[in-house]
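Residue numbers (the working numbering): 200 to 339.
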């Protein structure tokens with residue numbers, strides 16, 4: 200089945216303490232807003248959709264800031280918000296994140312991310328079907 204989550208007011212925010220995981224053969228719809236994944240990783244193995252969405256990986260300690268892993272079997276369609284603090288940003292990893300992580304964008308042809316992806320210091324692995332990722336994922 201499909202689960203829908205979202206902020207209490209349109210364009211607001213949701214804090215997820217720990218991991219945000221969508222398992223195979225499961226679907227998640229994200230309502231417009233900012234999703235703070237606090238001290239956890241994002242793992243998409245199923246289907247995820249959302250318009251006006253930013254996923255922010257954050258934590259109080261740099262060593263606890265999570266990573267994102269989008270698997271090949273997933274179908275992910277996310278579009279960044281057109282206004283607000285994270286305007287144009289679909290994924291943002293806190294700039295304080297330790298350098299030792301590994302962020303994976305292996306969704307292939309089922310992966311559509313409309314907006315900027317900000318990952319300042321951690322390594323990135325992107326599938327050949329997602330070539331634009333190699334140019335857009337590094338922060339400055």
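In this text, a Cβ means the ideal position worked out from N, Cα and C, and glycines have one as well.
Because the structure is a prediction, the values reported are computed rather than measured.
Please report how far the alpha carbon of residue 253 lies from the alpha carbon of residue 200, in whole angstroms. The sequence position of residue 253 within the chain shown is 54, counting from 1. The sequence position of residue 200 within the chain shown is 1, counting from 1. Computed Cα separation, rounded: 23 Å.
Pull up the DSSP beta-bridge partners for residue 342, would you. Residue 342 lies beyond the residue range present for the chain, which begins at 200 and ends at 339; the question has no answer from this structure.
Under the assumption that residue 258 contacts residue 240 (Cβ atoms under 8 Å), give the Cβ distance between them as a whole number of angstroms. Locating residue 258 in the chain shown gives position 59, where the first residue counts as 1. Locating residue 240 in the chain shown gives position 41, where the first residue counts as 1. For residue 258 against residue 240, the beta-carbon gap comes to about 11 Å, at or over 8 Å, which does not count as contact.
Could you tell me which residues DSSP pairs with residue 303 in its beta bridges? As a working mapping, residue 303 is identified with position 104 in the chain shown. Residue 303 is bridged to 268 and 324.
Which class does residue 309 belong to by DSSP, given the choice of helix, strand or coil? Reading the chain shown from its first residue, position 110 is the one you call residue 309. In the structure shown, residue 309 sits in a helix (DSSP, three-state: H, G or I).
As assigned by DSSP and simplified to three states, the class of residue 262: Translated into the one-based positions of the chain shown, residue 262 becomes position 63. Residue 262 falls in the helix class under three-state DSSP.
Give every residue of the same chain whose Cβ lies closer than 7 Å to the Cβ of residue 320, excluding the five residues on either side of it in the sequence, and list them in chain order. The residue you call residue 320 lines up with position 121 of the chain shown. Within the same chain, residue 320 has close Cβ partners 296 and 298.
By the DSSP assignment, the beta strand (DSSP E) with residue 237 in it spans what residues? Taking the first residue of the chain shown as 1, we reach residue 237 at position 38. Its beta strand (DSSP E) spans residues 232-237.
Taking the CB atoms as reference points, tell me whether residue 286 and residue 244 lie closer together than 8 Å. Translated into the one-based positions of the chain shown, residue 286 becomes position 87. Translated into the one-based positions of the chain shown, residue 244 becomes position 45. For residue 286 and residue 244, no; Cβs fall outside 8 Å.
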